[in-house]
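In what follows, a structure is listed as structure tokens, so that the remarks can point back to it.
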Amino acid sequence: MDTILILDFGSQYTQLIGRRIRELGVYAEILPGDARLGSRALDGVRGVVLSGSPRSAYESGAPRPDAALYDSGLPVLGICYGIQAMTLDAGGEVERLPEREYGRKTVRLAAADPLLSGLPPSIESWMSHGDSIARPAPGFEVLAVSEGGIPAALRDPGRRLWGLQFHPEVSHCEGGMRILENFVVGICGAARQWSMEAYLDQVAERLRSAVGNGEALLLISGGVDSTVAGALLLRILSRERVHLLYIDTGLMRKDESLEVMDNLRSLGARHLHMVEAEAEFLGALSGVEDPEEKRRRIGDLFISIQEREVARLGIADAFLVQGTLYTDLIESGKGVGSKAQVIKSHHNVRGPLVEAKRAAGRILEPLDRLYKDEVRALGRLLGLPETIVRRHPFPGPGLAVRILGEVDKERCDLLREADAVFIEELRLRGLYDRIWQAFCVLLPLRSVGVAGDERKYGSVLALRAVVSEDGMTADVFPFEPKDLLGISSAITNRVPEIGRVVYDTSSKPPATIEWE
Ligand code: XMP
Numbered sequence: 003m004d005t006i007l008i009l010d011f012g013s014q015y016t017q018l019i020g021r022r023i024r025e026l027g028v029y030a031e032i033l034p035g036d037a038r039l040g041s042r043a044l045d046g047v048r049g050v051v052l053s054g055s056p057r058s059a060y061e062s063g064a065p066r067p068d069a070a071l072y073d074s075g076l077p078v079l080g081i082c083y084g085i086q087a088m089t090l091d092a093g094g095e096v097e098r099l100p101e102r103e104y105g106r107k108t109v110r111l112a113a114a115d116p117l118l119s120g121l122p123p124s125i126e127s128w129m130s131h132g133d134s135i136a137r138p139a140p141g142f143e144v145l146a147v148s149e150g151g152i153p154a155a156l157r158d159p160g161r162r163l164w165g166l167q168f169h170p171e172v173s174h175c176e177g178g179m180r181i182l183e184n185f186v187v188g189i190c191g192a193a194r195q196w197s198m199e200a201y202l203d204q205v206a207e208r209l210r211s212a213v214g215n216g217e218a219l220l221l222i223s224g225g226v227d228s229t230v231a232g233a234l235l236l237r238i239l240s241r242e243r244v245h246l247l248y249i250d251t252g253l254m255r256k257d258e259s260l261e262v263m264d265n266l267r268s269l270g271a272r273h274l275h276m277v278e279a280e281a282e283f284l285g286a287l288s289g290v291e292d293p294e295e296k297r298r299r300i301g302d303l304f305i306s307i308q309e310r311e312v313a314r315l316g317i318a319d320a321f322l323v324q325g326t327l328y329t330d331l332i333e334s335g336k337g338v339g340s341k342a343q344v345i346k347s348h349h350n351v352r353g354p355l356v357e358a359k360r361a362a363g364r365i366l367e368p369l370d371r372l373y374k375d376e377v378r379a380l381g382r383l384l385g386l387p388e389t390i391v392r393r394h395p396f397p398g399p400g401l402a403v404r405i406l407g408e409v410d411k412e413r414c415d416l417l418r419e420a421d422a423v424f425i426e427e428l429r430l431r432g433l434y435d436r437i438w439q440a441f442c443v444l445l446p447l448r449s450v451g452v453a454g455d456e457r458k459y460g461s462v463l464a465l466r467a468v469v470s471e472d473g474m475t476a477d478v479f480p481f482e483p484k485d486l487l488g489i490s491s492a493i494t495n496r497v498p499e500i501g502r503v504v505y506d507t508s509s510k511p512p513a514t515i516e517w518e
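Heads up, the sequence shown is in this note's numbering, so the first residue is 3 and it goes up one at a time.
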């Protein structure tokens, strides 16, 4: 398949470049910036993008692309650090700016070029850099300049090299998608062969040849990824060979377990094993207040229940299927190697069973080339309803990290009720799909209120609603006051134990999305 290779130098935007190219219908792969570019790595590659980086290209030890790139004859587009590294490699100069340039900046086009075709004479670009090109390398001409007078777009026509000082992948960059399309489709000539239908064919072949006459076991978490992986297995393999194991921790949202199970059943699941483990999980969490300790105990119990059930069901030889996504691979360092700025740990199921399966080569990760929005598209293609496909992300430790302090059944039930009202109100008001993640947090506080003529102490609930691309950064959802007030009164009316509702107005960073 025609591929655009992205060499990653550690930019926070690398994943975004990949997603944008896939949105154009072209397959994009990410490799570490300094990966060796032998013929295997370049198989099917029609062009290469060099990402940005938190490093300076002139620092000693700063990563550089393999020199074979420049001999490959492939078109190359360097973005930010990418063009600076190319400039140094080709004999130009890069220097530190007196002040970092950040945010929207006007860029004026200075010469016609296929990369910038179809753009107006000036665009509002998105900049994020502390270094800039002081002297373009021999052979390069400047195609556009920023309002500060620095080269914003360059090209070496002889060697088919292009560079941008700004970030076309960021949604605030005017004409950004047009520029990427000009490069990927116009200059590289990559065919738009990437679609979920094509992926389904590819993955079907991969799964069928791996599993053969064996069996597959998938641990269902209730989230979108594992549900889509389940639907995929049921579509591709004989249903008799597919075992779906769901451990109900009692820490799920209201009716979530039933809904997921019903959907998998309606997709034809024959071996749907549900383990009721609420009492075990609440027992393990008793007296625990520290969030990391909560996570550890939940994780450990998950592993032991999983081992126990696999032994009980007699499916110890099955292939273990995981709902790992492309971003999980990159975050856990497999994609970008030592250059990864590991921001969050990888949330997949771990433990001795997983280790043993991995050692035996019996782990399958059928979603491991997909981004989250592509998993949703695949879910739709497989016939999952929108309520599942568009469901907001939910953390593995579930409500346990949304109850600050000790977790018990009463608090879980209270939070579940309040959260269900919040989500229902968001749906009724047409806001659910505009929000990336929304939930309630139960605070370890009591606050005074009035009920009739009496003073009454009730629980305090925080509402969280954020917009985000991928959960790495997030902005607060700007509710209209009437919606926020309406939601608050719906909660206090329908869940009388909640005496006060507050709205969390912190973005990430500095806050995280979850409170624990
Ligand atoms: P934070 O709170 O780190 O969350 O800003 C980013 C995204 O990750 C989810 N999250 C978790 N998911 N296990 C998970 O599977 C966890 O321990 C965990 N902690 C946070 C969070 O819900 C958000 O979508």
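The beta carbon of each residue, even a glycine, is placed where N, CA and C say it ideally should be.
For residue 95, which residues does DSSP report across the bridge?
137
If you draw a straight line from the C-alpha of residue 137 to the C-alpha of residue 473, how long is it?
38 Å
Rounded separation between residue 52 and residue 227 - CA only:
29 Å
Can residue 515 be considered in contact with the ligand XMP, in the sense that its beta carbon sits closer than 7 Å to one or more heavy atoms?
yes
Within its chain, find whatever has a CB closer than 6 Å to the CB of residue 94; leave out the 5 residues flanking it on each side and keep chain order.
137, 138, 139
CA-CA distance, residue 454 and residue 253?
34 Å
Is it buried or exposed for residue 63, if we count other Cβ within 10 angstroms and need 16 for buried?
exposed
For the structure I just gave you, are there three or more beta carbon pairs, one from the segment 230-250 and one from the segment 367-385, closer than 8 Å?
yes
Count the other CB atoms within 10 Å of the CB of residue 1; is the residue buried (16 or more) or exposed (fewer)?
Given a span of 3 to 518 for the chain in the structure shown, any question on residue 1 remains unanswerable.
Any idea what DSSP makes of residue 485, helix, strand or coil?
helix
Can you give, in chain order, each stretch of the beta strand (DSSP E) that sits fully within the segment 288-336 and has at least 3 residues?
321-323
Identify every run of the beta strand (DSSP E) within the segment 182-236, keeping only runs that are complete inside it and at least 3 residues long; order them along the chain.
218-222
Taking residue 493 as the reference, give the member of 191, 462, 179, 119 with the closest Cα.
462
Look up residue 464 in the DSSP assignment and say whether it is helix, strand or coil.
strand
Other residues of its chain near residue 420: CB distance less than 6 Å, five sequence neighbours each side excluded:
442, 463, 493, 497, 500
Looking only at its chain, what residues have a beta carbon closer than 8 Å to the beta carbon of residue 317, apart from the 5 residues adjacent to it on each side?
217, 219, 245
Does the Cβ of residue 79 have 16 or more other Cβ atoms within 10 Å, making it buried, or fewer, making it exposed?
buried
Let me check you understand the geometry: is the CB of residue 359 closer than 7 Å to at least one non-hydrogen atom of the ligand XMP?
no
Does the beta-carbon of residue 389 have 16 or more other beta-carbons within 10 angstroms, so that it is buried, or is it exposed?
exposed
Do you know whose CA, among 36, 229, 32, 61, lies nearest residue 47's CA?
32
Close-in-space but distant-in-sequence residues of the same chain around residue 408 (CB under 6 Å, 5 per side omitted):
291
Restricting to Cα atoms, I'd like to know which of 45, 456, 141 is closest to residue 158.
141
Please determine whether the Cβ atom of residue 473 lies at a distance below 7 Å from any heavy atom of the ligand XMP.
yes
Taking all protein chains shown into account, decide if residue 251 is buried (16 or more other Cβ within 10 angstroms of its Cβ) or exposed.
buried
So residue 72 is in the alpha helix (DSSP H); what residue range does that whole segment cover?
70-73
Work out the CA separation of residue 42 and residue 336 for me, nearest whole Å.
Reliability fails at residue 336, whose pLDDT of 46 lies under 50, so the model's placement of it is uncertain and no value is given.
Does the beta carbon of residue 439 fall short of 7 Å from some heavy atom of the ligand XMP?
yes
Does any heavy atom of the ligand XMP sit closer than 7 Å to the C-beta of residue 510?
yes
Secondary structure of residue 398, DSSP reduced to three states:
coil
Taking Cβ positions, are residue 17 and residue 329 nearer each other than 8 Å?
yes
Within its chain, find whatever has a CB closer than 6 Å to the CB of residue 203; leave out the 5 residues flanking it on each side and keep chain order.
none
For residue 67, the three-state DSSP class (helix, strand or coil)
coil
According to DSSP, which residues form a beta bridge with residue 247?
221, 275
What residue from 445, 426, 427, 393 has the CA that sits closest to residue 438's CA?
393
Going by C-alpha distance, which of 11, 49, 186, 485 is nearest residue 431?
485
Less than 7 Å between C-beta atoms, sequence neighbours within five positions excluded: which residues of the same chain meet that for residue 280?
250, 251, 252
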